[in-house]
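Worksheet: one structure, shown below.
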Amino acid sequence: MKRWLQMTLCCMVATLGLHAYSAKGMVAYKKLCKQCHGSGFKGAAMCESEEWEAYFADGARKLKEAHAEDEDAMRVMRSRYFKRRFETLGKFLRNNGRDMGVVRSCDGMNCG
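Once you know that position 47 of the sequence shown is 1190 in my numbering, the rest is easy, because the numbers rise by one and skip nothing.
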């Protein structure tokens, strides 16, 4: 019985880790956001997961409004890459927001 409980806990932890990890989201963050907002750890911690969800709702309307004054940021958001990847970027930021604890997508080779 004790071994079964340990196996169940390990599977649960692994499942949670896989759900939060978004390699495409991390790559999109590095290409689109890192130059202004820093590493993925720093950028994801800017908001809580519910705030990130609001920013990326309706085709990232609120995110675009927040960056409307910055022409460089708007150029990034008008790019084809942003249009293809904003959903994965939003998933990465939601899953790793300030209220989620450790940014699970960051390791020694990915985050910086």
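A virtual CB, placed ideally from N, CA and C, is assigned to each residue, including glycine.
Neighbour-count burial assignment, residue i, 16 or more Cβ in a 10 Å radius
| i | result |
| --- | --- |
| R1227 | exposed |
| A1209 | exposed |
| K1234 | buried |
| G1183 | buried |
| G1244 | exposed |
| Y1224 | exposed |
| R1218 | exposed |
Where the alpha helix (DSSP H) containing residue i begins and where it ends
| i | result |
| --- | --- |
| E1208 | S1192 to A1209 |
| M1217 | E1214 to M1220 |
| G1233 | R1223 to N1238 |
Assigned secondary structure, residue i (DSSP; H/G/I helix, E/B strand, else coil)
| i | result |
| --- | --- |
| M1189 | coil |
| G1183 | helix |
| L1168 | The sequence given here has Gly at residue 1168, not Leu. Helix. |
8 Å Cβ shell around residue i - same chain, five flanking residues per side excluded
| i | result |
| --- | --- |
| A1197 | K1205 |
| M1189 | H1180 and R1241 |
| G1186 | Y1172, C1176, K1177, H1180 and L1236 |
Same chain only: Cβ atoms within 6 Å of residue i, ignoring 5 sequence neighbours per side
| i | result |
| --- | --- |
| A1203 | F1229 |
| G1168 | T1231, L1232, K1234 and F1235 |
| M1220 | K1207 |
Neighbourhood of residue i by C-beta distance below 7 Å, restricted to the same chain and skipping five residues each side
| i | result |
| --- | --- |
| E1214 | none |
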